[in-house]
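Protein chains in written order, with my numbering: chain A, 13 to 450; chain B, 623 to 828. C-beta atoms are modelled at their ideal positions from N, C-alpha and C, and glycine is treated no differently. So the structure is just underneath, and the comments pick up after that.
In C-alpha cells form, the structure reads like this:
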C-alpha cells in the first residue's frame, strides 16, 4: 500500500483510543495467546497456518492497542508484542481481518478466556474503514446501497415489474384473483423487508413468503423505497454508513406506520437491523422487529397456517446462519417449522450455536479477491451436508443460500438449497378439503 | 521485617494498586448501553458465562485439547495456592509438616504443568508464531513461582530469594498478560451480557 500518513493512521487509532468503551478495553486486554481457539475456526481447520488462528487476528488489533494505548506497550513494545501501525501491519490487517474471517463468532463461544474475537475483528475493520482501506469490492456493495437504496442497485421500475408478475403468479398459485403483493400501503400491521438478491435472482422466495402471508390472512406491505434488509456496512465496520442504512428502514417504518418490521431471511441483515441498528442510530425502535422465521413459527403454533409435511417428503437438513443463531438467539423456531413442514428432518453435526459457518459470511461473498479461500473453507460444510444424506438443505439466509449454491456446484452434492419460507410455502394447505398426507 | 520482605510487600501493594485501578476503570465503564430490545436475560446468562460455558463439555478449546486443558487448570490452581501461601509466609503462619509436603507436592505438579505448557509454546511452530516475549516470560515466571514456593514452605525459614523473586513477579503482573487476572472476569462478564441480551445464553436446546 501507499505510504501511511500520520493523519490517516490517527483515524484508525481513534477507534482504539476510545477510553469510554469498557467492552472494547476488556476484550483487547484479555487474550493470553493460548492458541486453543485455532480448531474453532473454519479457516484454520481448512488451511492450518498460524496466521489463520483467531488469536492471531485478535493480536493484529490488540498489539496496536498495546503500542499506542498502554504504558508497557509504549515503554517496552518488544516485550509485550506491541506493533506500530505501519504499512506492513495494515496489509496484514486487510488480508486477515477482511479476507480470512467471516466474523461467525464460533471462536468467541469456544475461547478459553471469553474474548469476543469477532467483535475485535469488526473493530479492526472499523479502523481500516476509518482509514479508507475497505476492499473496493465490499465498498462498492455499500455504495450501491447508499446511493440507490439497495445493494444490487435495482431500479424502482425493475423492482415493481418483478413484484407485479410475482403477484400474478401468486394469484394462480392460490387460485384467487384478489391475492396480491401490497406495495407502499400505510397503516398495515407489518412491513416486510427483502434481501435484494430475491428480486434479482431468487424471486420465488418472495412468492413463497407472499403465499405464507396470504394463507395467514396477514395485513402486510412491502416498500418500494426501502426494502433492503442487508447492511454491508456492518461488515465493513463503517458505523456512519451502517447508521445511514439502518436509519432509512427506521424512517420507512415511521412513514408507513407499520407496527412490526419483519426481517427477511438474511442472517447479517437481521443482526444489523435488529441488534446493531438501534446502536448505530443511538435510539431504541418504537416498533417491534421480528424475523420472518419467528413469524412463521408463530403462524404454525397459532394455527394461522396449516402445513402438510407430506408435501416435503425428501430428507431435509438445516444450515444455521451464524448471525441469526449464534449472535441472534434464533435457534428453535426454524427447527420447529421444519419438523412441521417436512417428513424427514435431520440435523447437521455440529449444529445450532456450534454450527460451522458456510464460508459466505463476513462479506466474503462480496469480496471476489478472496474467492479461492472462500471455496477452500467450504469443504467443511460440504462434508457436513454429505454426512446427513439430505437431498435438501434449508437455510434462513440468502447469503448462505448463495454460498451453499456454490458449494453444491463445486463439490457436486446434487442437493437443493431452499429458504425456510420456500419449504413452508410448499407445505401449506390452503383448502381444508385438500388431501393431506399427515 | 527484613529488606527483602519489605521489597515483596511493596511490590504487592504496587501490583494490587495497579490491578485495582484496572478493575475500577472496568467497573466504572460497565457495559455499553444497548438500545436494542432484548429477547433474553443477562441475569440468567451470567452464571452460564462463568460456569456452564467454561465446562470442558461445552468448549472445543477444552475437549479437543484435554491434556492442555487439565494442565492449565492445575497450573491455575497452583498459582492461586502460591499467592495464598505468600500471604501466609509473610504472616509467618505455619502448617504441620505433612501438610507442607502435600502442598509442595501439588506445587511441584502444577509447576511442571506450567513448564509443560511453556515447552508446548516453544516447540510448536504455530505457537511460536503466535507468541511474544511476554508470553514466555509470564509462563516461566509463574511456573518458577510454584516451584520456589514449594521450596519455601519446606524450609524452616524461607530463603531471601523467595521474597525477591515473588516481588519481581508481582511487579511484572501489571505489565504483561498476567493482568488477565482481572480482564478474564471482565471479558466473561461482557460475553454474558452480549449473549444473554440476545437470548443465546443460557443455550436453548435445538
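CB contact below 7 Å: residue i versus chain A
i                     : result
residue 678 (chain B) : no
residue 648 (chain B) : yes
residue 639 (chain B) : no
residue 749 (chain B) : yes
residue 722 (chain B) : no
residue 766 (chain B) : no
residue 755 (chain B) : yes
residue 654 (chain B) : yes
residue 734 (chain B) : no
residue 657 (chain B) : yes
residue 682 (chain B) : yes
residue 686 (chain B) : yes
residue 805 (chain B) : yes
Residue span of the beta strand (DSSP E) that contains residue i, given as start and end
i                     : result
residue 170 (chain A) : Premise fails: residue 170 (chain A) lies in the alpha helix (DSSP H), 168 to 186, not in any beta strand (DSSP E).
CB contact below 7 Å: residue i versus chain B
i                     : result
residue 449 (chain A) : Here residue 449 (chain A) scores only 42 on pLDDT, less than 50, and its place in the model should not be relied on; the value that follows carries that caveat. So no, residue 449 (chain A) is outside the interface.
residue 108 (chain A) : no
residue 45 (chain A)  : yes
residue 465 (chain A) : It is not possible to answer for residue 465 (chain A), since the shown part of chain A is limited to 13 through 450.
residue 290 (chain A) : yes
residue 250 (chain A) : no
residue 365 (chain A) : yes
residue 147 (chain A) : no
residue 232 (chain A) : no
residue 392 (chain A) : no
residue 397 (chain A) : no
residue 51 (chain A)  : yes
residue 287 (chain A) : yes
residue 125 (chain A) : yes
residue 68 (chain A)  : yes
residue 62 (chain A)  : yes
residue 272 (chain A) : no
residue 26 (chain A)  : no
residue 42 (chain A)  : yes
residue 435 (chain A) : no
Endpoints, alpha helix (DSSP H) assigned at residue i
i                     : result
residue 261 (chain A) : 251 to 268
residue 232 (chain A) : Premise fails: residue 232 (chain A) lies in the beta strand (DSSP E), 232 to 234, not in any alpha helix (DSSP H).
residue 627 (chain B) : 625 to 651
residue 751 (chain B) : 747 to 752
residue 110 (chain A) : Here residue 110 (chain A) belongs to no alpha helix (DSSP H), and DSSP marks it neither H nor E.
residue 812 (chain B) : 802 to 819
residue 122 (chain A) : 118 to 122
residue 16 (chain A)  : Looking at the DSSP string, residue 16 (chain A) is not in any alpha helix (DSSP H), and its letter there is neither H nor E.
residue 49 (chain A)  : Careful: residue 49 (chain A) lies outside any alpha helix (DSSP H) and carries neither H nor E.
residue 86 (chain A)  : 83 to 87
residue 39 (chain A)  : 34 to 40
residue 771 (chain B) : 755 to 776
residue 65 (chain A)  : It is not in any alpha helix (DSSP H) - residue 65 (chain A) carries neither H nor E in the DSSP assignment.
residue 151 (chain A) : 148 to 160
residue 218 (chain A) : 215 to 228
residue 132 (chain A) : 129 to 142
residue 289 (chain A) : 289 to 292
residue 679 (chain B) : Where residue 679 (chain B) is concerned, there is no enclosing alpha helix (DSSP H), given that its DSSP letter is neither H nor E.
residue 664 (chain B) : 664 to 672
residue 245 (chain A) : 245 to 248
Bridge-paired residues (DSSP) for residue i
i                     : result
residue 12 (chain A)  : Nothing in the structure corresponds to residue 12 (chain A), since chain A is present only between 13 and 450.
residue 328 (chain A) : A:357 and A:404
residue 240 (chain A) : A:206
residue 795 (chain B) : Per DSSP, none; premise fails for residue 795 (chain B).
residue 440 (chain A) : A:319
residue 686 (chain B) : Paired residues: none, contrary to the question.
residue 195 (chain A) : A:234
| query | With a cut-off of 8 Å, do at least 3 Cβ pairs link the stretch 127 to 136 of chain A to the stretch 806 to 823 of chain B? | reply | yes
| For the 8 Å Cβ check, are there 3 or more pairs between the stretch 217 to 235 of chain A and the stretch 194 to 202 of chain A? | yes
| task | Only counting runs of 4 or more residues, tell me where the alpha helix (DSSP H) segments fall wholly within the stretch 406 to 432 of chain A, in order along the chain. | result | Within the stretch 406 to 432 of chain A, the complete alpha helix (DSSP H) runs of at least 4 residues are 410 to 422.
| query | Below 8 Å, can you find three or more Cβ-Cβ pairs linking the stretch 77 to 97 of chain A to the stretch 741 to 748 of chain B? | reply | no
| query | Taking three-plus beta-carbon pairs below 8 Å as touching, is the stretch 29 to 49 of chain A in contact with the stretch 666 to 680 of chain B? | reply | no
| Along the chain, which unbroken stretches of the beta strand (DSSP E) at least 3 residues long are found entirely within the stretch 334 to 392 of chain A? | DSSP runs (the beta strand (DSSP E)) wholly in the stretch 334 to 392 of chain A: 356 to 358.
| task | Within the stretch 697 to 729 of chain B, note down every full alpha helix (DSSP H) run reaching 4 residues or more, in order along the chain. | result | none
| query | Are the stretch 203 to 222 of chain A and the stretch 399 to 416 of chain A in contact at 8 Å, needing three or more beta carbon pairs? | reply | yes
| Three CB pairs or more closer than 8 Å across the stretch 337 to 352 of chain A and the stretch 304 to 323 of chain A | yes
| field | contact_flag[the stretch 62 to 75 of chain A, the stretch 766 to 784 of chain B] where n(CB pairs < 8 Å) is 3 or more | value | no
| request: Decide yes or no for the touch test of the stretch 789 to 803 of chain B against the stretch 636 to 648 of chain B: beta carbon pairs closer than 8 Å, at least 3 of them. | output: yes
| task | Decide yes or no for the touch test of the stretch 163 to 178 of chain A against the stretch 270 to 283 of chain A: beta carbon pairs closer than 8 Å, at least 3 of them. | result | Counting Cβ pairs under 8 Å, fewer than three are found: no touch.
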